[in-house]
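> With our numbering applied, the sequence shown corresponds to residues 56 to 393, in that order.
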Amino acid sequence: MRAYHLETLGTIDGIVPRESDRPDPGPREILVRVRAVSLNKRDLLIMKGTYPLKAVPDVIPVSDGAGEVVAVGGEVTRFAVGDRVAGTYFPNWVDGRITPALFDQPGATLNGMLTEYARLDQEAAVRVPDHLTWEEAACLPCAGVTAWHSLTGGEPLAPGQTVLTLGTGALSLFVVQFAKMLGAEVIATTSSAVKADRLKALGADHVVNYAENPEWGLAVRELTGGRGADLVVETNGPDTIEQSMRAAALYGHIVLLITGNPRRPGIEISNAAYAASLATIRRVFVGSRAHFESMNRALALHGTRPVIDRVFGFDEVHEALRYYESGVAFGKVVIRVA
Numbered sequence: 056m057r058a059y060h061l062e063t064l065g066t067i068d069g070i071v072p073r074e075s076d077r078p079d080p081g082p083r084e085i086l087v088r089v090r091a092v093s094l095n096k097r098d099l100l101i102m103k104g105t106y107p108l109k110a111v112p113d114v115i116p117v118s119d120g121a122g123e124v125v126a127v128g129g130e131v132t133r134f135a136v137g138d139r140v141a142g143t144y145f146p147n148w149v150d151g152r153i154t155p156a157l158f159d160q161p162g163a164t165l166n167g168m169l170t171e172y173a174r175l176d177q178e179a180a181v182r183v184p185d186h187l188t189w190e191e192a193a194c195l196p197c198a199g200v201t202a203w204h205s206l207t208g209g210e211p212l213a214p215g216q217t218v219l220t221l222g223t224g225a226l227s228l229f230v231v232q233f234a235k236m237l238g239a240e241v242i243a244t245t246s247s248a249v250k251a252d253r254l255k256a257l258g259a260d261h262v263v264n265y266a267e268n269p270e271w272g273l274a275v276r277e278l279t280g281g282r283g284a285d286l287v288v289e290t291n292g293p294d295t296i297e298q299s300m301r302a303a304a305l306y307g308h309i310v311l312l313i314t315g316n317p318r319r320p321g322i323e324i325s326n327a328a329y330a331a332s333l334a335t336i337r338r339v340f341v342g343s344r345a346h347f348e349s350m351n352r353a354l355a356l357h358g359t360r361p362v363i364d365r366v367f368g369f370d371e372v373h374e375a376l377r378y379y380e381s382g383v384a385f386g387k388v389v390i391r392v393a
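What follows is the structure, encoded as structure tokens:
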């Protein structure tokens, strides 16, 4: 079989393909013929050596992938040959709250999915909805689960409440889709008129151009009759948290997904912005297998499909990574393995 390995940190070219024998599953493992994988920002950070969780030497990269079970160990009870599955982002986090003991991740401390065959513990996989293609199913483990957890993991979101999402990254697009599924009004932000139209086509009720409205927090309040957004899914952290706080409703909620970047290592919120909303800030780190399974039930019920920007071949891994790194994608960047 062919798999990519992270031989050298610091560059995309540090990932190299290598041939090896097809593995056999252990007693409690399933062997998955990987059909597609999708890329996330953390994959680039791991390759460059800047991710908080350091990669083990020679690791197989990429956390998100989907495929078909082709063999099972003798003690496996959750899956059978032929099942369509995706691996979970945190293989050891089944339910409840995450703890440091559950931090292992594929593509970092464990081998990932950028391979023709992947061995997974039976507890580290979920069945994927039948209506999804392999490429669509591969988009779910990180961005999809994070978006679902952001919307459903805190105070219940009531129909008619307002959700604010930032930008047009894959996670934000999932938030638009899921928030509409849950009956919310959705306000999205972008700096592009073309992307604004695509956000509206996806379901956003209002789109604010943050380039034209630097004080876009005020624009969100105006769109909500002065009330503000009940839930803000904050994907940029230090660069936007001040405006997100100004956009939040009184006693609203902000799901904070990023707390720092190379330019600004922490978040700063003015007293005036916080006093105007008194919003609760909640951190989310992807989600558990239970979150994944709950999301899949909702996807199947509503027939919802992830947004895919572009699909590359298994021989185009470096091209796919560079395209993803460029930041031009509207939706997920996928690599078709087989």
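Ideal placement from N, C-alpha and C gives every residue a C-beta, glycine not left out. Note that this is a predicted model, so its numbers are computed, not measured.
1. Taking the alpha helix (DSSP H) that R276 belongs to, which residues open and close that run?
2. For S93, which residues in the same chain have their Cβ closer than 7 Å to its Cβ, ignoring the five residues on either side in sequence?
3. Tell me whether A167 is buried or exposed, calling it buried when 16 or more other Cβ atoms sit within 10 Å of its Cβ.
4. Taking C-alpha atoms, which residue in D76, V263, R57 and A91 lies nearest to R365?
5. Taking Cβ to Cβ, would you say H186 is nearer than 8 Å to A355?
6. Cα separation between E323 and V89?
7. A202: which of F233, A179, I309 and A259 sits nearest, CA to CA?
8. Are the CB atoms of A126 and P80 nearer to each other than 8 Å?
9. Tell me which residues share the same chain as I313 and place their Cβ nearer than 7 Å to its Cβ, disregarding the 5 neighbours each side in the sequence.
10. Should the region 216 to 225 be called in touch with the region 339 to 357, which here means at least 3 C-beta pairs below 8 Å?
11. Counting only beta-carbon atoms, is D176 nearer than 8 Å to chain B?
12. Measuring alpha carbon to alpha carbon, tell me which residue in V362, G342 and A393 is nearest L157.
13. Suppose the cutoff is 6 Å on Cβ atoms and the five residues either side in sequence are ignored; what does the same chain contact list for A180 look like?
14. Is the CB-CB distance between L254 and A239 below 8 Å?
15. What does DSSP give as the partner residues of V124 in its beta bridges?
16. Going by the DSSP bridge assignment, what does T244 pair with across the sheet?
17. Measure the C-alpha to C-alpha separation of E123 and M300 and round it to an integer number of angstroms.
18. What is the rounded straight-line gap between the Cα of K109 and the Cα of I101?
19. Alpha carbon to alpha carbon, how far is E178 from P196?
Walking through what the data contain:
1. W271 to L278
2. D119, A193, C194, K387, V388 and V389
3. Per the sequence shown, the amino acid found at residue 167 is Gly instead of Ala. Buried, by the Cβ-count rule.
4. A91
5. yes
6. 42 Å
7. F233
8. yes
9. T290, N291 and G292
10. no
11. No chain B appears in the structure shown, which is made up of a single protein chain.
12. G342
13. V140 and G142
14. no
15. V87
16. L221 and V263
17. 44 Å
18. 7 Å
19. 14 Å
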